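**Student:**
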Amino acid sequence: MELNGQVALVTGGSRGIGLAIARELATAGARVAVVGRNAAGAQRAADELPGDGHRGYSADVSNAEVVNGLVRAVEEDLGSLDILVNNAGLTRDNLLMRLKDEDWDVVLDTNLKGAFNTIRAASRGMMKRRAGRVINITSVVGITGNKGQANYAASKAGLIGLTKSVARELASRGILVNAVAPGYIQTDMTAELTGEARTTLSSQIALGRLGKPEDIAPVVRFLAGPGAAYITGQVLVVDGGMVI
Ligand code: NDP
Numbered sequence: 291m292e293l294n295g296q297v298a299l300v301t302g303g304s305r306g307i308g309l310a311i312a313r314e315l316a317t318a319g320a321r322v323a324v325v326g327r328n329a330a331g332a333q334r335a336a337d338e339l340p341g342d343g344h345r346g347y348s349a350d351v352s353n354a355e356v357v358n359g360l361v362r363a364v365e366e367d368l369g370s371l372d373i374l375v376n377n378a379g380l381t382r383d384n385l386l387m388r389l390k391d392e393d394w395d396v397v398l399d400t401n402l403k404g405a406f407n408t409i410r411a412a413s414r415g416m417m418k419r420r421a422g423r424v425i426n427i428t429s430v431v432g433i434t435g436n437k438g439q440a441n442y443a444a445s446k447a448g449l450i451g452l453t454k455s456v457a458r459e460l461a462s463r464g465i466l467v468n469a470v471a472p473g474y475i476q477t478d479m480t481a482e483l484t485g486e487a488r489t490t491l492s493s494q495i496a497l498g499r500l501g502k503p504e505d506i507a508p509v510v511r512f513l514a515g516p517g518a519a520y521i522t523g524q525v526l527v528v529d530g531g532m533v534i
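Written out as structure tokens, the structure is:
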């Protein structure tokens, strides 16, 4: 229970990777604020976490004013905000020539500006307390690029630049900022992959299988905990050996 007494905020914690992260942090003793646009989904997830004191919040991370209010509410309701996990994300895949302006904007606004909004809001309190952990969920495609995902890959590459810059800025205040880059993980986001595509993908992964949300969550728990006290500005790839 290494996170006993700590408060974590997990954006996109209502399902998929974010829900597994929320569960893992709760198992480690943290009280968790679960955030999604859908209020019922966030509350349902918070209710099913192990332990007491978790809460669901409805917020769109791309809206700075909403995020400022969210962070204030979490600090008031739960008493602090020690661990911020920027996991909310979405895709609007298409080949470059077919990408619409709105496909670009919604992906960048959610995946990249969303993380900027939450870090800016949460770091005020963390700086005062001289302690905090920020963990940003990027993607291997932010490192390698991917056909049909120019918007998504750009947002995830941007998130890596944001992670490294903020890590340098906030280190002297005791705030550690890292990123986790998952490979292909089985969630709603990748549900449309056909059986054939899954088989082809699996053959390109050294460990021979797609990942599960539970493959990512313990890595986030580690980065939030005492064992990671000397790690900042890093990108940890968790992809079963897809990119080596
Ligand atoms: P899911 O689609 O399963 O879940 C996305 C979550 O984000 C939901 O809880 C959703 O809740 C929330 N969300 C989406 N937009 C917003 C928003 N604007 N504001 C607040 N919450 C939002 O995704 P995954 O679990 O697959 O992915 C989680 C993260 O991991 C994403 O950042 C994704 O890019 C990244 N990732 C995923 C990979 C994969 O293969 N699945 C691989 C690499 C990275 P609601 O709808 O209620 O808003």
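For the sequence shown, the numbering used here assigns the number 291 to the initial residue and increments by one for each residue that follows. Just so you know, even glycine gets a beta-carbon here, dropped at the ideal spot from N, CA and C. A quick note: this is a predicted structure, and the numbers were derived from the prediction, not measured.
In this structure, does DSSP put residue 472 in helix, strand or coil?
**Tutor:** It is a strand residue.
**Student:** Can you check which of these residues, 450, 293, 438, is closest to residue 385 by C-alpha distance?
**Tutor:** When each option's Cα is compared against that of residue 385, the closest is 438.
**Student:** Got a sec? Which residues, its chain only, sit under 7 Å from residue 333 by beta carbon, not counting five neighbours each side?
**Tutor:** The answer, listed in chain order, is 346.
**Student:** State the CB to CB distance for the pair residue 455 and residue 399, rounded to an integer number of angstroms; the pair is presumed to be in contact (CB under 8 Å).
**Tutor:** Actually they are not in contact, since the Cβ atoms of residue 455 and residue 399 sit about 19 Å apart, beyond 8 Å.
**Student:** Is the beta carbon of residue 464 less than 7 Å from the beta carbon of residue 292?
**Tutor:** For residue 464 and residue 292, no; Cβs fall outside 7 Å.
**Student:** If you follow the alpha helix (DSSP H) that residue 527 is part of, which residue opens it and which one closes it?
**Tutor:** Careful: residue 527 lies outside any alpha helix (DSSP H), inside the beta strand (DSSP E) at 525-528.
**Student:** Can you tell me whether residue 309 is buried or exposed, with buried defined as 16 or more other CB within 10 angstroms of its CB?
**Tutor:** That one is buried.
**Student:** With a threshold of 6 Å, establish whether the CB of residue 468 neighbours any heavy atom of ligand 1.
**Tutor:** No, the Cβ of residue 468 stays beyond 6 Å of every heavy atom of ligand 1.
**Student:** Any idea if residue 416 is buried or exposed, counting beta-carbon neighbours within 10 angstroms, 16 or more meaning buried?
**Tutor:** That one is buried.
**Student:** Using the C-alpha atoms, what's the distance from residue 445 back to residue 401?
**Tutor:** In a straight line, the C-alpha of residue 401 is about 6 Å away from that of residue 445.
**Student:** Using the beta-carbon count (16 or more within 10 Å), is residue 478 buried or exposed?
**Tutor:** By the 10 Å Cβ count, residue 478 comes out exposed.
**Student:** With distances taken between CB atoms, is the gap from residue 532 to residue 506 smaller than 7 Å?
**Tutor:** Going by C-beta atoms, residue 532 is not nearer than 7 Å to residue 506.
**Student:** By how many angstroms is the C-alpha of residue 387 removed from the C-alpha of residue 420?
**Tutor:** Rounded to whole angstroms, residue 420 to residue 387 spans 47 Å at the Cα level.
**Student:** Taking DSSP as the reference, what is the three-state secondary structure of residue 547?
**Tutor:** No information on residue 547 is available, as it lies outside the stretch 291 to 534 that the chain covers here.
**Student:** Would the C-beta of residue 380 count as close to ligand 1, meaning under 6 Å from any of its heavy atoms?
**Tutor:** Result yes, Cβ under 6 Å from ligand 1.
**Student:** Can you check whether the CB of residue 476 is closer than 7 Å to the CB of residue 500?
**Tutor:** Contact flag set, yes.
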